[in-house]
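Taking it in order: structure first as structure tokens, then the write-up.
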Amino acid sequence: MAAQMASTKVPEVRDITRIERIGAHSHIRGLGLDDALEPRQVSQGMVGQLASRRAAGLILEMIKDGHIAGRAVLIAGQPGTGKTAIAMGIAQSLGPDTPFTALAGSEIFSLEMSKTEALSQAFRKAIGVRIKEETEIIEGEVVEIQIDRPATGTGAKVGKLTLKTTEMETIYDLGSKMIESLSKERIQAGDVITIDKATGKISKLGRSFTRARDYDAMGAQTQFVQCPEGELQKRKEVVHTVSLHEIDVINSRTQGFLALFSGDTGEIKSEVREQINAKVSEWREEGKAEIIPGVLFIDEVHMLDIECFSFLNRALESDLSPVLIMATNRGITRIRGTNYQSPHGIPIDMLDRLLIIATSPYTEKETRQILKIRCEEEDVELSEEAHTVLTRIGQETSLRYAIQLISTAGLVCRKRRGTEVQVEDIKRVYSLFLDEQRSSQYMKEYQDSFLFNEAQTAQMDTS
Amino acid sequence: MDDSAQRVLAYLTEVEEAAEDVLADKQQIVDLDLKRNRNREALNALRNDRSLNDKANVCFGNMFIRLPKEKTKTMIQKDQEQIDKEISELRKRLKAKVNHLNELQGKPELKGYNLSPLSNEEIKAINSILKR
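Spelled out as structure tokens, the structure:
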């Protein structure tokens, strides 16, 4: 019981963190470009930032064509100018088939795993391998099952199974093993089943529509399907996309297959990775696999230290390397782990490899648009004046602060049973919650009464 | 008819022809599978036949001919092999034809369509990730 609870709990916890992270950009559906890669002013949840979006669109096209595997892109700009939004837009427009891995720069610092291991895993999660599975199956509707029990009561049972499609009908002789699995699956006349030719595994697809009347009194859970068309013995081909990391994990023997579910995969030996690389390139040469270079997005990249950057430098040169997209909001600052200053806190040799996209602050009109989109996303109705006031707040303080006021103002509005957020509601939450500037102002005024006051060394060490 | 209409007509004819080609092949696979299943039934019947008679009545078109059982068996088995080969050949050709049809219709090429399949052991090895 306890084990069962634990196993059901793990995915739940994971889900919540995922929703939380995307939450702020849940309105992004793509990059908002037209067919000629020209950005539209407002589209797919994106507003403004035309130049950066166009640049991102170009990169996106190259990723789709598989042109720029092993390259790196840096999105640089002030806080709240849509860097993460652009990365999300790229992720959304890549489609489900291209792997996209997002991680924040601080996520790689863990006691259980070295920094380079965390980065290697992220890299390998962003590379997909497309493989094909081919099976011969017999697919048909059961017309009749006839099982003869031996007269003595012991000995092997024999029987006959009649299957049909819309085109043909045939009789199979059944051995005792087949009979056993048929009765185990509770197959009856009228079921549509498939039999895997290689393993003899039987699976029930549902009940045939033509027999629907026979099962009139059945519950809603009975699923009705059409009688299969065409030949009885079919070939089924399924194309799967798996990531290199997933193959690593199942082949890392000390972990066993359970490692996939716990989420804590520990470290993977480099020999295992080398074996997998060799196997995958062997498959590729035999035409059994295609490599899909995906995208690895590292947010807050200035949180990485000098060791990580040198690892990235090296990893980008490997022939199995995804497109690396990084984002940072820092100017010229100290590179973590050194005493050297560098633009964006990234070493010059690394910067040299990057395509850099800059984002610029939003104009008033754009801020207004974004707030409107967020209101729709959070299901809050805003009156015209309140919208204007909120836009003003967004311009004066920060866009993030204004967006946070939306849902709180929505709550205040609901509390007084209003349908539309008015200026009063905005004023109320504005007085309740301080923005960054007012908070610092407050600190300066009352610093003497705070504990551990060290106003002299107020410069924050962020690197 | 003016020029553009002529061109549209030619294009549509081409698409229809390609589609017809695909359908014909599909039907042929169905017909061959039908025959394969009948042969299989016949082989089963021969195996289960416990009469002392060492000859069987075999139907050729409209006529029943008495043939030795052994000979009938090898004959049918040979036919079966031939059918299996033909079906796999047809399937291979069908792939190229479907690709051609998709291209004519301006549809995107199917992903991973031209991959060769992994072997059974390889699939078994990575099965745990496929069954998510």
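Line by line, the protein sequences are chains U and F.
Everything in the first sequence is counted per the UniProt record's numbering, starting at 1 for the first residue and increasing by one.
Everything in the second sequence is counted per the UniProt record's numbering, starting at 1 for the first residue and increasing by one.
Glycine included, each C-beta is placed from N, C-alpha and C at the ideal position.
| Asked | Found |
| --- | --- |
| Any C-beta of chain U under 8 Å from that of residue 41(F) | yes |
| Beta-carbon gap between residue 131(U) and residue 43(F) smaller than 8 Å | no |
| Buried or exposed by the 16-neighbour rule on C-beta atoms within 10 Å, applied to residue 345(U) | buried |
| Any C-beta of chain U under 8 Å from that of residue 30(F) | yes |
| Contacting residues, own chain, Cβ-Cβ under 6 Å from residue 121(U) (five flanking each side not counted) | 245 |
| For residue 426(U), three-class secondary structure by DSSP | helix |
| Residue environment, residue 451(U), which counts as buried when at least 16 other CB atoms sit within 10 Å | exposed |
| Residue 62(F): first and last residue of the uninterrupted alpha helix (DSSP H) it sits in | Run containing residue 62(F): none; DSSP gives neither H nor E here. |
| Inter-stretch contact at 8 Å, needing at least 3 Cβ pairs: the stretch 92-107 of chain U / the stretch 72-81 of chain U | no |
| Residue 113(F) in three-state terms, based on DSSP | coil |
| Neighbour flag for residue 33(F) against chain U, beta carbons, 8 Å | yes |
| Runs of beta strand (DSSP E) lying entirely within the stretch 15-97 of chain U, each at least 3 residues, in chain order | 72-76 |
| Proximal residues, the stretch 163-180 of chain U versus chain F, C-beta separation under 7 Å | 167, 168, 170, 171 and 173 |
| Euclidean distance between Cα positions of residue 200(U) and residue 95(U) | 36 Å |
| Beta strand (DSSP E) runs wholly inside the stretch 202-251 of chain U, at least 3 long, in chain order | 202-208 and 233-243 |
| Contained alpha helix (DSSP H) runs [length at least 4] in the stretch 157-199 of chain U, N- to C-terminal order | 176-184 |
| Within chain F, partners of residue 354(U) - CB distance below 9 Å | Correct list: empty, because the minimum Cβ distance to chain F is about 30 Å. |
| Nearest-angstrom Cα separation, counted from residue 15(F) out to residue 105(F) | 7 Å |
| Residues, ordered as in the chain, of the stretch 68-86 of chain F that lie near chain U by beta-carbon distance below 7 Å | none |
| The stretch 358-370 of chain U contacting the stretch 29-49 of chain U, beta-carbon criterion three pairs below 8 Å | yes |
| Residue 99(U) versus residue 443(U): straight-line alpha-carbon distance, rounded | 45 Å |
| CB contact check: residue 198(U) to chain F, cutoff 8 Å | yes |
| Length of the line joining the Cα atoms of residue 12(F) and residue 6(F) | 10 Å |
| First through last residue of the beta strand (DSSP E) which encompasses residue 132(U) | 127-148 |
| Top-ranked residue by Cα proximity to residue 142(U), from 413(U), 314(U), 195(U) and 297(U) | 195(U) |
| Same chain only: Cβ atoms within 8 Å of residue 135(F), ignoring 5 sequence neighbours per side | There is simply no residue 135(F) to check, as chain F begins at 1 and stops at 132 in what is shown. |
| Cross-chain neighbours of residue 287(U) in chain F, by beta carbon under 8 Å | 114, 115 and 116 |
| Contacts of residue 134(U) in chain F (Cβ-Cβ under 7 Å) | 117 |
| Outcome for residue 255(U) when other beta-carbon atoms lying within 10 angstroms are tallied against a minimum of 16 | Because the pLDDT at residue 255(U) is just 47, under 50, the model does not fix this residue reliably, and the value given afterwards should be weighed accordingly. Its Cβ being crowded by 16 or more others within 10 Å, residue 255(U) is buried. |
| Simplified DSSP state of residue 439(U), which is helix, strand or coil | helix |
| Exposed unless 16 or more other CB atoms sit within 10 angstroms - verdict on residue 57(F) | exposed |
| Residues of its chain near residue 394(U), where Cβ-Cβ distance is below 7 Å and the 5 sequence neighbours each way are ignored | 367, 371 and 402 |
| Residue environment, residue 153(F), which counts as buried when at least 16 other CB atoms sit within 10 Å | This structure cannot speak to residue 153(F), because chain F is shown only from 1 to 132. |
| Within chain U, partners of residue 26(F) - CB distance below 8 Å | 230 |
| Expected contact under 8 Å - CB spacing of residue 419(U) and residue 384(U) to nearest Å | With 8 Å as the limit, residue 419(U) and residue 384(U) do not qualify as a contact, their Cβ atoms being about 14 Å apart. |
| Reduced DSSP category for residue 328(U) - H, G, I as helix; E, B as strand; rest coil | strand |
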